[in-house]
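Contents: one structure, followed by commentary.
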Amino acid sequence: MRDVAIIGVGMIPFGRRDEDTLVDMLAYASMKALDDAGVDAVDALYVANMGGGVIQRQTAIASALVDRLSLLPAAADLVENGPASGGSAVKNGVLAVASGYYDVVLVAGGEKMREVTGWRATDFVATLTHPETEYPYGITLPGMAGMFTRLYMEKYGVTREMLVQIAIKNQTMGALNPYAHVEMMITKEGVMDSPHSVVNNPPAATPLHLYDMCPVSDGAAAVILCPLNRVKELTKNLPVVVAGFGQATDTHTLAEREDPTDLKAVTLAAQQAFERAKMKPEEISVAELHDAFTILEIAESEHVGFFKKGEGGKAVLEGKTRLGGQLPINVSGGLKARGHPVGATGVAQIVELTWQLRHELPKERQVKGAKAGFSINFGGFGNNVVAFVLKRGEK
Amino acid sequence: MKEITAYKCKKCGRIHYPKHERCLTCKHREFEPIHPEGNVKLLTFTQIFNLPWGFDERFLYIGVVQFANGVKAMGQIDAPDGADLRLGMTLKAEWEPVRTVFDEPVYGLKLKPLG
Chain D
113 MRDVAIIGVG MIPFGRRDED TLVDMLAYAS MKALDDAGVD AVDALYVANM
163 GGGVIQRQTA IASALVDRLS LLPAAADLVE NGPASGGSAV KNGVLAVASG
213 YYDVVLVAGG EKMREVTGWR ATDFVATLTH PETEYPYGIT LPGMAGMFTR
263 LYMEKYGVTR EMLVQIAIKN QTMGALNPYA HVEMMITKEG VMDSPHSVVN
313 NPPAATPLHL YDMCPVSDGA AAVILCPLNR VKELTKNLPV VVAGFGQATD
363 THTLAEREDP TDLKAVTLAA QQAFERAKMK PEEISVAELH DAFTILEIAE
413 SEHVGFFKKG EGGKAVLEGK TRLGGQLPIN VSGGLKARGH PVGATGVAQI
463 VELTWQLRHE LPKERQVKGA KAGFSINFGG FGNNVVAFVL KRGEK
Chain Y
44 MKEITAYKCK KCGRIHYPKH ERCLTCKHRE FEPIHPEGNV KLLTFTQIFN
94 LPWGFDERFL YIGVVQFANG VKAMGQIDAP DGADLRLGMT LKAEWEPVRT
144 VFDEPVYGLK LKPLG
């Protein structure tokens, strides 16, 4: 198998993008990635999207994108893997290059969720739950997270303040990120301590509140992959090396997990990624974790090995996961602030880590001297998880 | 409760709901169909305020429960706002409408506090 490098990345600002179609967004992000790499042809495209068929009533989106970009006759596939679609598409692109079958691959992820009401968007995401034993009851992904949080709080002593501090940290960083959907800083007083907090931050899926949730977003992101040994002839950019990846699954229904607080797929995906990279969690400089709900940032940071079980929340309170701390997590603002256009998220995490590892971000967002990055893209409620370890390459 | 069929692995005894072709623990392919019985223990729950399309209620309580014979399942909890729900409490399980689709009721597990 060949080593694989990321040689180009592109993203468009996430948020509400009424003026753009789904394919518009995918095309804009793809063009940015192609231009960033300096390539004008690819062998294959992998497109990540979860809801085109449901929300836009548009299918065969990869075929539409390859035509829109005039990249014909490149091979083009759509990857739908729920909220882990982006990570899955990147993984498929990496495998295609590593195998030696394709040399230059474009991976684009996008989602357009704001053209329907919140009522419809919530239902759309809930279609990933079990169609007979979960979906009919009106369960939502925030509801799944609420049930998980109640157990995690009881077992590991996670407090509401720990969750609030993650929301504050990530929205503070989002306010510095021009690609973020939510560019509004919040305070503990406003969302937890003051009498107004009851109105500002009402319960959403108990014990979780409004500001524990990521927003529903439109957006797209893209990356260009090639074999590490062809980087010099294809681009002037510093390569970022895909040092390792992992993917694992867990039971479809939450009720069938022997210990619902044990995110086995997160642990296994991370272990695979670290083993392939021949690296340890303590060697990571910056991480993008899938904080669709604040509790997930804590739980994932523990399950992947950054902190012991029960220590992730304390690490947040001690500032260890802030920019400048022991391990900055979600310096982009995470899903919490950058937004969560589901098909785009896993790709956007790779774009953010690439910028971090190329040391290209403004100093207020750059992790100084970042050498290795890590991501978790969390599909379903932890039933399909993709992890990556990336390393800064050499010119 | 005859409306729910769970599947007990004939080799290791693990109970599955919903159906699987192979046991999640030992990969065995033969199962004994069983039905959940009696009251249930509340394993976890949430009160959801932002409901999906198809629900007009202001909120829903949803929980995961375990029957005495080991079957675990999700269901709606029929309780008023502010209800004193606690992990481990006992609930009564019934098979009642849980939503309406095209003016037709959809039946499912409805959980009710005792007393």
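Residue numbers (the working numbering), protein chains in the order written: chain D, 113 to 507; chain Y, 44 to 158.
Here a beta-carbon is modelled for each residue, glycine too, at the ideal position from N, C-alpha and C.
Locate the alpha helix (DSSP H) running through residue i, then write down its first and last residues.
i, result
"W231 (chain D)", "230-238"
"M123 (chain D)", "It is not in any alpha helix (DSSP H) - M123 (chain D) instead sits in the beta strand (DSSP E) that spans 116-123."
"F260 (chain D)", "253-268"
"I278 (chain D)", "272-286"
"V74 (chain Y)", "Just to set this straight, residue 74 (chain Y) is Phe in the shown sequence, not Val. That residue, F74 (chain Y), is in no alpha helix (DSSP H); its beta strand (DSSP E) goes 74-77."
"K344 (chain D)", "343-346"
"G458 (chain D)", "454-469"
"A196 (chain D)", "Run containing A196 (chain D): none; DSSP gives neither H nor E here."
"T406 (chain D)", "406-415"
Which same chain residues, not among the five before or five after residue i, have their C-beta less than 7 Å away from its C-beta?
i, result
"A139 (chain D)", "L177, R180, L181"
"F88 (chain Y)", "Y104, I105, G106, I120, L128"
"L263 (chain D)", "P372, T373"
"T365 (chain D)", "H242, T245, E246"
"I298 (chain D)", "A279, I280, Q283, Y323"
"T234 (chain D)", "T252"
"N496 (chain D)", "N193, G194, A196, T361, A377"
Residues in the same chain with beta-carbon distance under 6 Å from residue i, minus the five sequence neighbours each way, listed in chain order, please.
i, result
"I278 (chain D)", "T406, E409, V428"
"I77 (chain Y)", "A49, K51"
"A499 (chain D)", "G358, A381, A382, A385, I488"
"H415 (chain D)", "L375, V378, T379"
"T171 (chain D)", "G165"
"D147 (chain D)", "none"
"R369 (chain D)", "T363"
"R232 (chain D)", "none"
Within the continuous beta strand (DSSP E) that includes residue i, where are the two ends?
i, result
"L134 (chain Y)", "133-144"
"R504 (chain D)", "496-504"
"N489 (chain D)", "484-491"
"D147 (chain D)", "Counting along the chain, D147 (chain D) falls outside any beta strand (DSSP E), though it belongs to the alpha helix (DSSP H) covering 134-149."
"K475 (chain D)", "Looking at the DSSP string, K475 (chain D) is not in any beta strand (DSSP E), and its letter there is neither H nor E."
"A160 (chain D)", "156-160"
"E147 (chain Y)", "147-156"
"Q109 (chain Y)", "103-110"
"V398 (chain D)", "398-400"
"V378 (chain D)", "Where V378 (chain D) is concerned, there is no enclosing beta strand (DSSP E), although the alpha helix (DSSP H) it sits in stretches over 376-389."
"K448 (chain D)", "K448 (chain D) -> not in any beta strand (DSSP E); alpha helix (DSSP H) instead, spanning 446-450."
"G118 (chain Y)", "115-120"
Which residues of chain A have a Cβ atom closer than 9 Å to the Cβ of residue i, listed in chain order?
i, result
"G250 (chain D)", "The question asks about chain A, but that chain is absent: this structure's protein chains are D and Y."
Thinking just about the alpha-carbon of each residue, which of the options is nearest to the one in residue i?
i, options, result
"G481 (chain D)", "D:N489, D:D215, D:P440", "D:P440"
"A404 (chain D)", "D:P327, D:V343, D:M113", "D:P327"
"C338 (chain D)", "D:A145, D:A367, D:T379", "D:A145"
"D155 (chain D)", "D:M391, D:S306, D:L218", "D:L218"
"A136 (chain Y)", "Y:W96, Y:P156, Y:T143", "Y:P156"
"N489 (chain D)", "D:I280, D:N442, D:A292", "D:N442"
"M123 (chain D)", "D:W467, D:A449, D:K503, D:G424", "D:W467"
"A399 (chain D)", "D:D152, D:K507, D:G437", "D:G437"
"K507 (chain D)", "D:K475, D:V416, D:R342, D:M296", "D:R342"
"A206 (chain D)", "D:L473, D:G356, D:E476", "A small fix is needed here, since residue 206 (chain D) is Val in this sequence, not Ala. Comparing Cα-Cα distances from V206 (chain D) to each of D:L473, D:G356, D:E476, the minimum goes to D:G356."
"M44 (chain Y)", "Y:N112, Y:F92, Y:D124, Y:E100", "Y:N112"
"Y291 (chain D)", "D:L502, D:E464, D:E472, D:N496", "D:E464"
"K224 (chain D)", "D:R169, D:K203, D:G250", "D:R169"
"S175 (chain D)", "D:V166, D:L190, D:G163", "D:L190"
"K145 (chain Y)", "Y:H59, Y:K70, Y:F98", "This sequence places Phe at residue 145 (chain Y); Lys is not what is there. The shortest Cα separation from F145 (chain Y) among Y:H59, Y:K70, Y:F98 belongs to Y:F98."
"A116 (chain Y)", "Y:P61, Y:G56, Y:F92", "Y:P61"
"V501 (chain D)", "D:A389, D:G494, D:G431, D:L469", "D:A389"
"L240 (chain D)", "D:M285, D:K475, D:V454, D:A484", "D:V454"
"F92 (chain Y)", "Y:I58, Y:G125, Y:K54", "Y:G125"
"V479 (chain D)", "D:I396, D:A449, D:F419", "D:I396"
"V108 (chain Y)", "Y:L85, Y:V149, Y:K54, Y:C55", "Y:L85"
Report all residues from its chain with a CB closer than 8 Å to the CB of residue i; omit the five preceding and five following residues, and keep chain order.
i, result
"A153 (chain D)", "L183, A186, V216"
"M304 (chain D)", "R272, E273, V276, N313"
"L340 (chain D)", "R114, D115, V116, A117, P351, V353, G505"
(message) Check whether the stretch 339-355 of chain D and the stretch 45-58 of chain Y touch, using three or more Cβ-Cβ pairs below 8 Å as the test.
(response) no
(request) With 7 Å as the C-beta to C-beta threshold (strictly closer), list the residues of the stretch 235-246 of chain D near chain Y in chain order. (result) D235, A238, H242, E244, T245, E246
(message) With three or more C-beta pairs closer than 8 Å as the rule, is the stretch 332-339 of chain D touching the stretch 133-152 of chain D?
(response) yes
(message) Taking 8 Å as the cut-off, does the stretch 243-255 of chain D touch the stretch 70-82 of chain Y (at least 3 CB pairs, one atom from each stretch)?
(response) At 8 Å Cβ cutoff, the stretches do not touch.
(request) Give, in chain order, every residue of the stretch 85-104 of chain Y whose Cβ lies closer than 7 Å to some Cβ of chain D. (result) Answer in chain order: T87, F88, T89, Q90, I91, F92, N93, L94, P95, W96, G97, F98, L103.
(message) So if I threshold CB-CB distances at 9 Å, which residues from the stretch 255-275 of chain D count as touching chain Y?
(response) G255, M256, A257, G258, M259, F260, T261, R262, L263, E266
(request) Decide yes or no for the touch test of the stretch 443-462 of chain D against the stretch 188-208 of chain D: beta carbon pairs closer than 8 Å, at least 3 of them. (result) Contact between the stretch 443-462 of chain D and the stretch 188-208 of chain D is present, because at least three Cβ pairs lie under 8 Å.
(request) For the stretch 407-425 of chain D, enumerate the residues whose C-beta is nearer than 8 Å to any C-beta of chain Y, in chain order. (result) none
(request) Report the residues of the stretch 55-68 of chain Y with a CB closer than 8 Å to any CB of chain D, ordered along the chain. (result) H59, Y60, P61, L67
(message) Output needed in chain order: residues of the stretch 315-344 of chain D with a Cβ under 7 Å from some Cβ in chain Y.
(response) P315, A316, A317, T318
(request) Residues of the stretch 197-227 of chain D with a CB closer than 9 Å to any CB of chain Y: list them in chain order, please. (result) none
(request) Could you name the residues of the stretch 345-366 of chain D whose beta carbon sits closer than 9 Å to any beta carbon of chain Y, in the order they occur along the chain? (result) T363, H364, T365, L366
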